[in-house]
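As given, the protein sequences belong to chains A and B, one line each in that order.
The opening position of the first sequence corresponds to residue 470 in the working numbering, with each subsequent residue numbered one higher.
The opening position of the second sequence corresponds to residue 2 in the working numbering, with each subsequent residue numbered one higher.
The beta carbon of each residue, even a glycine, is placed where N, CA and C say it ideally should be.
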Amino acid sequence: MKTFDYRILGKNTPPRFLGAILDTLRGTSSDARQVVEKTSLLIDNHVRLDAAIDEQLKAVSMETEAAAINLIGQVRKLNDAAVALVCYLDNSDQSTQSMGHGLKDSLASIHLISKFVEELPDMIRGDVAQVQTTALKEIDGLNSFIGVIKEISMQSKLLAINAAIEAAHAGEAGKSFVVLARELRVLAERSAQAAAMIEKGLKTAQQAMREGLALSPMENHIAEAGTIVESILHLQVSNNDLQQHYKELFEVVTQHNVSLASEIAELLGHIQFQDVVRQRIERIADSVAQRNDLLKELPRRIGEPKLGMIDLETKMRGVLDDYVSKEERHAPTSDAGAGHDALPKFELF
Amino acid sequence: MSKKILIVDDSATMLMSVKNNLEIGGFMVETAEDGLKALAKIKEGFKPDLIITDVNMPNMGGMELIKNVRLLPGLRFTPILTLTTESQAEKRDEGKRLGATGWLVKPVGGADLLKIIKQVLPGA
C-alpha cells in the first residue's frame with residue numbers, strides 16, 4: 470500500500486494561508502475587517518465541510534467493517550464446505566475400502582466352498598465305489614452260505630427218506646422214529662425255501678447295488694457355483710477400480726483444499742487492511758478536528774497583537790508535528806514496501 | 002488437544018479475521034475487545050496457551066494488559082504476541098521490556114501468522 474511521505478512537508482515550511490492573511494492585513498483597516506469577516510465565514514464553511522466529511526469517513530469505516538465481517542463469514546462458510554467435502558470423500562473412501570475387505574473375505578470363503586463342491590462328486594464316487602465293492606463282496610460271501618444251506622437241506626431230505634425207510638423196517642418200534650423222519654423232511658423243505666428266498670433277496674440287492682447307486686448330475690450345481698465365484702471376482706475388480714477412483718479423487722480434492730485453505734488464510738490477512746485503513750482515517754479525523762479548533766480561533770486572533778498569531782501558528786505546527794509523528798509510528802514495515810531502514814514486520818524477542 | 006488462544010483487539014474485523022484464521026488452523030479461540038475484558042476472561046478461568054493483543058485499545062491497552070498478565074500466577078511465561086499498526090522501535094522495546102514474546106505489525110498474512118504461532122507454541 471502506498472503511503473504519503475509526510476517528511477516532504479518539512480518542519481520549516483511556513484503555513485501559506487496564514488502568511489497570505491498577514492499580508493492582506495498590512496492594508497487598510499476596512500479591508501482588514503472585511504478580510505476577518507470573510508475569513509470567519511470561510512473557516513465556518515470549512516469546518517462544516519470537514520464535519521460532513523468526517524461523518525462520511527466514520528460511515529465508511531463502519532460500512533467497510535460490516536463488509537469485512539460479512540466477507541469473513543462467507544469465507545469461513547467456503548472453508549467449512551471444503552472441509553465437509555473432504556470429510557465426505559474420506560468417509561466414502563473408507564466405506565469402499567471396508568466393502569473391498571468384505572468382498573475379499575467373502576471371495577476367499579467362496580473359493581473354499583467352490584473347491585469343496587468341485588471335489589465333492591469325486592469324493593462321493595470314490596466312497597460309493599468302495600461301499601459297493603465291499604457290499605458285493607459281502608453278498609458274494611453270503612452266496613456261499615446259501616450253497617451250504619442248500620446242501621444241508623439236501624442232506625436233511627436224504628436223511629429223512631432213509632429214516633422213514635428204516636422206521637418202516639423197524640415196525641412198531643420205529644413208529645416214533647417215523648415222526649422224527651417226517652419233521653426232518655419238513656425242516657429240509659423249509660431250509661430249501663429259506664435258501665431260495667435268501668438267494669433271491671441277495672440277487673435283488675446286488676442288482677440294486679449295481680444299478681440304483683447312479684449319481685445325480687452335479688455338474689449344473691458346480692457350474693452355478695463357478696458363475697457366482699466369477700461374478701464376485703468381477704465385483705471385486707469393480708470395487709478395486711472404485712477404490713482407486715476415490716483415492717485419486719480424495720487426493721485431488723485434498724490438494725485443492727489445502728491450497729484453498731492457504732488462500733483463505735491469506736484473504737483473512739488482507740481483510741486486516743480494513744482495520745489499518747480505519748485507524749489511519751481516525752488519525753486523520755483527529756488531526757483535522759484539532760486543526761479546525763485552531764482555525765475557529767483564527768478570526769479572533771487576527772485582531773490581536775502579533776503574538777496571538779504566532780501562538781496560533783505554533784499550535785498549528787504542533788498539530789502537524791503530532792500527525793506526522795503518529796503516521797511515522799505507524800509507518801509500513803519492511804514487508805510492505807518500505808525502505809531498507811524499516812523494521813521487520815515480525816520480530817520475536 | 003487444541004491449544005487455546007486469546008485474541009484481544011477493539012476492531013471487530015481484526016477479531017473475526019484472526020479468530021477464523023486460527024480456528025481453521027486448528028486452535029481453540031476466545032476473543033476480548035480490550036485489556037480489561039481479556040483480564041476478566043482469564044480471571045473467570047480461561048487459561049490461554051497464547052495471547053495475541055493489539056496495543057492501542059480503549060479502557061486498557063495492550064502494554065498494560067501484558068504488565069497485568071505477567072503478574073498472574075501460571076501466566077508468567079505464557080507467550081504474548083502484539084499485533085498492532087505501531088511499527089516503531091521505541092514501542093517494540095517497551096513491549097519487550099514488559100514481557101511480550103514478539104511484535105507483529107498489521108496486517109499479517111494468515112499463513113505467516115500460523116508459522117509464527119508454531120514458533121512460539123511448540124507442538125501446536
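Counting only C-beta atoms, is His-799/A closer than 8 Å to chain B at any point? yes
Quick check: the Cα distance between Gln-599/A and Ala-577/A, rounded to an integer number of angstroms? Each residue's alpha carbon lies about 32 Å from the other.
Excluding the 5 residues preceding and the 5 following Ala-535/A in the sequence, name in chain order all residues of the same chain whose CB lies nearer than 6 Å to its CB. none
Could you give the distance in angstroms between the alpha-carbon of Leu-572/A and the alpha-carbon of Val-721/A? Taking the straight line from one Cα to the other gives about 27 Å.
Counting only beta-carbon separations shorter than 8 Å, does Met-17/B have a partner in chain A? Judged by the 8 Å Cβ criterion, Met-17/B is in contact with chain A.
Taking all protein chains shown into account, do 16 or more other C-beta atoms lie within 10 angstroms of the C-beta of Gly-111/B, making it buried, or fewer, making it exposed? Under this definition Gly-111/B is a buried residue.
Our contact map puts Ser-625/A next to Leu-656/A with C-beta atoms below 8 Å; I'd like the distance itself, whole angstroms only. 6 Å
Cα-Cα, which of Thr-508/A, Ile-579/A, Asp-519/A, Asn-560/A is closest to Leu-702/A? Cα-wise, what sits closest to Leu-702/A is Ile-579/A.
Is the Cβ of Glu-796/A closer than 8 Å to any Cβ of chain B? no
Chain B beta carbons: is any one of them nearer than 8 Å to that of Gln-743/A? yes
Could you pull out every residue in the same chain whose Cβ sits closer than 6 Å to the Cβ of Glu-87/B, ignoring the five residues on either side in sequence? Val-56
Burial state of Leu-684/A, where buried means 16 or more other Cβ atoms lie within 10 Å: Because Leu-684/A sits at a pLDDT of 49, beneath the cut-off of 50, its placement in the model cannot be relied upon, and the following sentence gives the value as read from the coordinates. Burial is judged here by how many other beta carbons sit within 10 angstroms of a residue's own beta carbon; Leu-684/A has fewer than 16 and is exposed.
Contacts that Lys-107/B makes with chain A (C-beta to C-beta distance below 7 Å): Here the neighbours are Gln-741, Asp-744, Val-745.
Val-757/A CB to nearest chain B CB: under 8 Å? Using a CB distance cut-off of 8 Å, Val-757/A does not count as an interface residue toward chain B.
Using a C-beta to C-beta distance shorter than 7 Å, which residues of chain B count as neighbours of Gln-748/A? Within chain B, the C-beta atoms nearer than 7 Å to that of Gln-748/A come from Thr-86, in chain order.
Helix, strand or coil for Ala-101/B, going by three-state DSSP, please let me know. coil
Please go through the same chain and pick out, in chain order, the residues whose beta-carbon is closer than 7 Å to the beta-carbon of Met-64/B, but skip the five residues on each side of it. Val-56, Glu-95, Gly-96, Leu-99
Give the residues of chain B in contact with Ile-575/A, contact being defined as C-beta atoms less than 7 Å apart. Residue 575/A is actually Ser in this sequence, not Ile. Residues of chain B whose Cβ lies closer than 7 Å to the Cβ of Ser-575/A do not exist, since the nearest Cβ in that chain is about 40 Å away.
Which residues in chain B have a C-beta closer than 7 Å to the C-beta of Asn-827/A? List them in chain order. The structure shown does not extend to residue 827/A, since chain A spans only 470 to 818, so no value can be given for it.
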